[in-house]
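**Student:** Dumping the structure here so I can ask a few things about it.
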Amino acid sequence: MIETVVHAPEELQKEPAHHEPEHHPASFWSRYVFSTDHKMIAMQYCVTSIVMVIVGGFLAYVFRWQLAHPGVPVPLFGKIDPNIYNTFVTMHGTIMIFWVAMPLLLAAFGNFLIPPMIGTRDMAFPTLNMLSYWTFFISTVLLLASFFVPGGAFGGGWTAYPPLSADAYARTDFWHGLGGDLWILAVALEFVAFLMGGINFLVTTISMRAPGLTWMRLPMVVWMIVIATLIFMFSVGPLIAGAVMLLLDRVAGTGFYNPATGGDPIMFQHFFWFFGHPEVYVILLPTLGFLAEIFTTFSRKPLFGYKMILTSTWVAAGLSFIVWAHHQFIAGIDPRMSTFFSITTILISVPFAVIIFSLMATLFQGQIELPTPMLFALGVVAEFLIGGVTGIYLGASAFDIYAHDTYFVVAHFHYTLIPVVIFGGAAAIYYWYPKFVGRMLDERLGKIHFWGTAVFFNMIFLPLFWTGMMGQHRRIFSYEAFPSLNTPLAHNLQVVATTGLILMALFQIPFLINLVRSARHGRPAGRNPWKANSLEWACESPPPHGNFPTQPEVYRWPYEYGMPDSAQDFRPQWEACP
Amino acid sequence: MTSQTVPFDRVPAGRLAMWWVIASEVVIFGGLIAAYLLDRIRHPEWAALAQHTSTPLGALNTMVLLSSSLSAVLAHQAAQRHDLAKVTRYLSLTILGGATFLVVKAFEYSNEIHHGFTPVSGLFWSFYYLMTGLHATHVVIGMIALFIVLLGARKGLHLHRVEMAGLYWHFVDLVWIFLFPLLYVAK
Amino acid sequence: MPPNISSFGGELDNLTMLITVISVVCLILAEAVLFYALVRYRKHPGGHSRYLTGEGWAQARWVLLPVLVVVALDFLIDVQNTRVWNDIKTSSAPSSGYPVRIIGQQFAWTFVHPGPDAQLDTPDDVTTVGELHVPLMYDVAFELQARDVLHSFWVPNLRLKQDALPGRTIQGWFRAEKTGTYDIACAEICGGGHSLMGARLVVSKKEDLNAWLASKSAPLGPGEKMLDAKGCLACHSTDGTKRVGPSFQGLWGRQETVLTNGVERQVAVDEAYVKHSLDDPTADVVKGFPPVMPSQAGKLNDEEFAQLIEFLKSKEKAP
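Residue numbers (this note's numbering), protein chains in the order written: chain A, 1 to 578; chain B, 579 to 765; chain C, 766 to 1084.
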């Protein structure tokens, strides 16, 4: 492997003055709260999303309890009525996508990883980065506050289809309260926060890479985060406009989505899904990046098909903008349009097949070790395959007539999102925790966490494919009104799913204990505990403010494992001699 | 792997960030304009409503914004020559252009409301007020940004910011170039 | 899946079968490959991994050939799907079939059947709530409407689901090939009573259907007509039948037990109570009914309100 190293112009080496580590002792506030250090901001995003996953999980527990035991008061919560049920279903979706998946995978790990992986001291605009987090924090507070306003939180489904969500004229009066307005505001603010964060991700990666770090030597995870940021930025704009229109419909009495004044309720669905489908890839891509790093490290092999993966990702990113209407096959759009969207949807499986197969090929003829991060990473692939395969069902528009809005859909997207967010997030946390805390996580607790999560996750959602096939539709408080859907078999399956949920939740406790305990009592990690190649492992663990004492230089790509000519099976990016 | 090594060039972070901001704004306005166009096609009768907007005043405002964009360009050139007096003058002119635009716009609004066309008197008017209102908000933001840049540039500080503020101002101008024919002229 | 009763459901089920066979086989293969790799290439002392970058066809084919297979299967599914979709949605929609109108509202389905003249919007139309009667082996051409928010007409046995949009009429068709009674549901979240929005589809022979229609055609009085137009009768029956809300029959002057903020109390049904319950339906909810009625504030003018009171008075005693 021959590469020419081209040195950066001189000015790159000169960092602006405000990047210098502060020498006077920083106060608690400037160090932990209003910090501009990318690692502290990442930590803040990470902690917030863990708090929110607990909230979202609790909501799921409450409404799943109702499905398994209709009418029985929920332990730790109490009695639930259809309005609370709708509210909780809505907020569960909103929280898990916007307040867990995005902040954890994109914001937290984007912030953690980009500066050290490209060999720089911090983000291009540290103050903007801090502002991004605090905007996000305000949106979190608004969202949580909406539970406590008169009328309760928003309950019109996380997709917020008008006219139901624009109740000024639909008069669905139990949601006329502040809850819906707060929901829209919170989501819009959150988007603004991520747009601000996105500026940093993109600008930092483009203009602050270490000397020698060409685009084709960039770790795959950085590529993935940058592409995800781009997808997010190009898809979210129309939804922001659409949300403003929805808010005006609610508070000012305009009629953008009101058929009575000539408005079109379907318009919002287009806004929503034009964003909503690319959003799926915004969440998926960072995890695919994690997998690239973790698979190579623990199979001691180079990434299989770096360029193939990269090309496929760009193709998938492009395709993701022309598949959105597959969420609307039965919404009353032109049937010929559906044929087009059905074909693009099935086509998008091709680039992802390339990526997943390449990742699997990375394992072949390697020397595979199975510590906890690798287990979770393998879990992502094993479970995501089920989610991907069931996506083929739903992409077929004719089958979607039957399956749309049934539990089949619910099970399908949980089989994509839980591997990606929960398994992928856990894999990344287990893998990079030693770097950013400086101590190793406990392997025994980690393995308990993995096996408990993997087993009971399937126990929740495999039965739901079945109930969906039986015709049970989602967002239903009780099936009493539908005798043929309310069969004992369907009910028993719902009980199995709920039991699975409770058990899976219990198996997250070892994880939380592990996170807290290992921060103090874990084995010290050292600089490079996994013997990995990318630049972040050149820093101390945890990296000090500014990450690197001197500007590192990059001599090769980050996947130099198992070279035939060497006794050592890895060669870090920053080491000069071959 | 044989990765070809590209020359390592550094794009100024500030300009890159400004393009990013503009790109995200373009998709926001793009979504709004697309929604308006789709509704406009379904409602040919809006042509009659568009009669009630004042094309002469709209045209005047277009001229005002275009000239203010010109003075933003001149300010940028002056900044490159480090001609502080001219930078100050041209930036002030740009801000003045924005203010003129807002005054004319306020006059139009009050005239339209006087004739009974409020944001809730129909979908066309909802779109009209939303799109022009959002644009006017951007004009205000642009003026504030220009003003902050002006304060520094007077003393010769942060002269590269003149270019950033100018870029943003051109974008605001460009949005208006789209809105004007859509809301005023297409009848 | 529940038994299919529609003419196109069989094709849809065959498509489902095709996808299932393809995807289950692919899934098992992929998982097998994954687990094979894990077992076969576990780290062993002194072992050395192979330096494979996936550059060049010799290596990349291990990924690209399986992907080609995936593409081929994708197209197989696409072709089949497009055929089935066109059969259901576009090509064979009948120009003249047995017409019915389906109206969704919070939280009930109303169905308008044509009378003996087989045409809608004629005086002999028969309107029912919660029960759709269609003839066996006839193409049923439906017009789907919504009164307030989005709903979705969902009949698992027909393999039919279609969103209903306020302000629009969506045309569609189906053909039931088996007599019986089947569930109709709403599959798009529409509010607190979303899960109450059940109805029945009754498929019967044409003769039986005609007999049923004949037994039903009774013209509505003026008050009843107004209430029907406003959609009240979807949830409140006029004959004592319990639907989503209390029946109008025998309501006037009755002492009702209501829940106010969760506390039970007694209320006499009078003009003030009726007015209050229209404006703020969830304030005093009759015991035994869910708090799901949307506010009707501003929906009835004074004259219509007087008509309502008149009508309730006429229904004070059971006939």
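Positions of the beta carbon are idealized from the N, C-alpha and C atoms, including for glycine.
Quick caveat, the model's predicted, so the values are computed rather than measured.
Kindly identify the DSSP beta-bridge partner or partners of A:Y561.
**Tutor:** Numbered from its first residue, the first sequence carries residue 561 of chain A at position 561. DSSP output for A:Y561 lists A:F570 as bridge partner(s).
**Student:** Which residues does DSSP list as the beta-bridge partners of C:W938?
**Tutor:** For the purposes of this step, residue 938 of chain C is identified with residue 173 of the third sequence, where counting begins at 1. Partner(s): C:A906.
**Student:** Please state if the CB of A:P219 and the CB of A:G177 are separated by a distance shorter than 8 Å.
**Tutor:** What you label residue 177 of chain A is simply residue 177 of the first sequence in a count that begins at 1. What you label residue 219 of chain A is simply residue 219 of the first sequence in a count that begins at 1. Contact flag unset, no.
**Student:** In this structure, does DSSP put C:E1068 in helix, strand or coil?
**Tutor:** The residue you call residue 1068 of chain C lines up with position 303 of the third sequence. Helix at C:E1068.
**Student:** With DSSP as the reference, please indicate the residues paired to A:R439 in a beta bridge.
**Tutor:** Counted from its first residue, the first sequence places residue 439 of chain A at position 439. The partner list for A:R439 (beta bridge, DSSP) reads A:P524.
**Student:** Just the Cα atoms here: how many angstroms apart are C:I935 and C:E908?
**Tutor:** Against the third sequence, residue 935 of chain C aligns to sequence position 170. Against the third sequence, residue 908 of chain C aligns to sequence position 143. Taking the straight line from one Cα to the other gives about 6 Å.
**Student:** Taking Cβ-Cβ distances below 9 Å as the criterion, which residues of the segment 633 to 667 of chain B are in contact with chain A?
**Tutor:** none
**Student:** Under a Cβ-count criterion, where at least 16 other Cβ atoms within 10 Å of its own Cβ denotes burial, should A:T214 be classed as buried or exposed?
**Tutor:** As a position in the first sequence, residue 214 of chain A is number 214, starting the count at 1. Flag for A:T214 reads buried.
**Student:** Within this structure, are the beta carbons of A:P103 and A:N547 separated by less than 8 Å?
**Tutor:** Taking the first residue of the first sequence as position 1, residue 103 of chain A is located at position 103. Taking the first residue of the first sequence as position 1, residue 547 of chain A is located at position 547. Cβ atoms of A:P103 and A:N547: not closer than 8 Å.
**Student:** Does any C-beta atom of chain C lie closer than 8 Å to the C-beta of A:P371?
**Tutor:** For this step, residue 371 of chain A is matched to residue 371 along the first sequence. Answer no: the Cβ-Cβ gap between A:P371 and chain C never drops below 8 Å.
**Student:** Assuming C:A906 and C:G862 are in contact, meaning their beta carbons sit under 8 Å apart, how far apart are those beta carbons, in whole angstroms?
**Tutor:** Position 141 of the third sequence, counting from 1, holds the residue named residue 906 of chain C. Position 97 of the third sequence, counting from 1, holds the residue named residue 862 of chain C. With 8 Å as the limit, C:A906 and C:G862 qualify as a contact, their Cβ atoms being about 4 Å apart.
**Student:** Could you tell me which of A:N533, A:G155, A:H545, A:H69 sits nearest to A:P572, measuring between CA atoms?
**Tutor:** Start at 1 with the first residue of the first sequence, and residue 572 of chain A comes out as number 572. It is A:N533.
**Student:** My guess is that A:D334 and C:S814 are in contact by the Cβ rule of under 8 Å, so how many angstroms apart are they, rounded?
**Tutor:** Residue mapping note: residue 334 of chain A aligns to position 334 of the first sequence, counting from 1. Residue mapping note: residue 814 of chain C aligns to position 49 of the third sequence, counting from 1. Not confirmed; about 53 Å, so no contact.
**Student:** How big is the Cα-Cα spacing for A:H92 and A:V51?
**Tutor:** As a working mapping, residue 92 of chain A is identified with position 92 in the first sequence. As a working mapping, residue 51 of chain A is identified with position 51 in the first sequence. Roughly 13 Å separates the two Cα atoms.
**Student:** At what residues does the beta strand (DSSP E) containing B:V599 begin and finish?
**Tutor:** Sequence index remark: in the second sequence, residue 599 of chain B carries index 21 (1-based). Run containing B:V599: none in the beta strand (DSSP E); it sits in the alpha helix (DSSP H), 591 to 620.
**Student:** Select from the segment 788 to 800 of chain C all residues with a C-beta closer than 7 Å to any C-beta belonging to chain A, and list them in chain order.
**Tutor:** S788, C791, L792, A795, E796, V798, L799
**Student:** Which residue marks the beginning of the beta strand (DSSP E) containing C:L897, and which one marks its end?
**Tutor:** Start at 1 with the first residue of the third sequence, and residue 897 of chain C comes out as number 132. Its beta strand (DSSP E) spans residues 896 to 900.
**Student:** On the DSSP bridge assignment, give the partners of C:R807 in chain order.
**Tutor:** Here residue 807 of chain C corresponds to residue number 42 of the third sequence, with the count starting at 1. Looking at the DSSP output, C:R807 shares a beta bridge with A:I368.
**Student:** Taking 8 Å as the CB-CB limit, is A:F98 close to chain B?
**Tutor:** Residue mapping note: residue 98 of chain A aligns to position 98 of the first sequence, counting from 1. Answer no: the Cβ-Cβ gap between A:F98 and chain B never drops below 8 Å.
**Student:** Are A:D37 and A:H545 close, meaning C-beta to C-beta below 8 Å?
**Tutor:** Position 37 of the first sequence, counted from the first residue, corresponds to residue 37 of chain A. Position 545 of the first sequence, counted from the first residue, corresponds to residue 545 of chain A. Their beta carbons are under 8 Å apart, which means A:D37 touches A:H545 by this criterion.
**Student:** Return yes when at least one heavy atom of the ligand SAH lies under 7 Å from the C-beta of A:V74, else no.
**Tutor:** Annotation note on the ligand SAH: not contained in the displayed structure, which lists no ligands.
**Student:** Alpha carbon to alpha carbon, what distance is there between A:G212 and A:W574?
**Tutor:** Sequence index remark: in the first sequence, residue 574 of chain A carries index 574 (1-based). Sequence index remark: in the first sequence, residue 212 of chain A carries index 212 (1-based). Their Cα atoms are separated by approximately 10 Å.
**Student:** Within a Cβ cutoff of 7 Å, which residues of the same chain sit near A:P524, ignoring the five residues on either side of it in sequence?
**Tutor:** In the first sequence, counting from the first residue as 1, residue 524 of chain A sits at position 524. Contacts found: G438, R439.
**Student:** For B:D617, return the contacting residues in chain A, with the cut-off set at a CB-CB distance below 9 Å.
**Tutor:** For the purposes of this step, residue 617 of chain B is taken as the residue at position 39 of the second sequence. Simply F256, G262, G263, D264, M267.
**Student:** Tell me the rounded alpha-carbon separation between C:G1005 and C:E972.
**Tutor:** Here residue 1005 of chain C refers to the residue found at position 240 of the third sequence. Here residue 972 of chain C refers to the residue found at position 207 of the third sequence. Roughly 29 Å separates the two Cα atoms.
**Student:** For a test of the three-state rule: what should DSSP assign to C:I867, helix, strand or coil?
**Tutor:** Position 102 of the third sequence holds residue 867 of chain C. Residue state, collapsed to three classes: strand.
**Student:** Are A:T229 and A:T120 closer than 8 Å when you measure CB to CB?
**Tutor:** On the first sequence, position 229 is the one that residue 229 of chain A refers to. On the first sequence, position 120 is the one that residue 120 of chain A refers to. Cβ distance not < 8 Å, so A:T229 and A:T120 don't count as in contact.
**Student:** Could you have a look at A:V323 and say whether DSSP puts it in helix, strand or coil?
**Tutor:** As a working mapping, residue 323 of chain A is identified with position 323 in the first sequence. Here DSSP, grouped into helix, strand and coil, assigns A:V323 to coil.
**Student:** Quick check on A:S207 - is its C-beta less than 8 Å from some C-beta in chain B?
**Tutor:** For the purposes of this step, residue 207 of chain A is identified with residue 207 of the first sequence, where counting begins at 1. Answer yes: the Cβ-Cβ gap between A:S207 and chain B drops below 8 Å somewhere.
**Student:** Note the first and the last residue of the continuous beta strand (DSSP E) segment covering C:C951.
**Tutor:** As a first step, residue 951 of chain C must be located in the third sequence, where it is residue number 186. Note, C:C951: beta strand (DSSP E), 945 to 951.
**Student:** Between A:V236 and A:P286, is the Cβ-Cβ spacing less than 8 Å?
**Tutor:** Stepping through the first sequence from its first residue, residue 236 of chain A is reached at position 236. Stepping through the first sequence from its first residue, residue 286 of chain A is reached at position 286. Result no, Cβ atoms of A:V236 and A:P286 do not sit closer than 8 Å.
**Student:** By a C-beta neighbour count over all protein chains shown, 10 Å radius and 16 as the cutoff for buried, is B:K733 buried or exposed?
**Tutor:** Residue numbering aside, residue 733 of chain B sits at position 155 when the second sequence is read from its first letter. Per the 10 Å Cβ criterion, exposed.
**Student:** Exposed or buried, which one is C:A1037 when buried takes at least 16 other CB atoms within 10 Å?
**Tutor:** Counting from one through the third sequence, the residue named residue 1037 of chain C turns up at place 272. Per the 10 Å Cβ criterion, exposed.
**Student:** Who are the near neighbours of A:I118 in its chain, counting only those whose CB is closer than 8 Å to its CB and skipping five residues on each side?
**Tutor:** Within the first sequence, residue 118 of chain A is the residue found at index 118, counting from 1. Once the five neighbours on either side are set aside, the close Cβ partners of A:I118 are T204, T205, M208, R209, A210, L213, L218, V222, L535.
**Student:** Of the choices B:S704, B:P590, B:W747, B:I606, whose alpha-carbon is the least far from that of B:G720?
**Tutor:** For the purposes of this step, residue 720 of chain B is taken as residue 142 along the second sequence, with counting starting at 1. For the residues B:S704, B:P590, B:W747, B:I606, the minimum Cα distance to B:G720 belongs to B:W747.
**Student:** Given a limit of 7 Å on CB to CB distance, which residues of the segment 836 to 851 of chain C reach chain A?
**Tutor:** V836, D839, I842, D843, N846, T847, V849, W850
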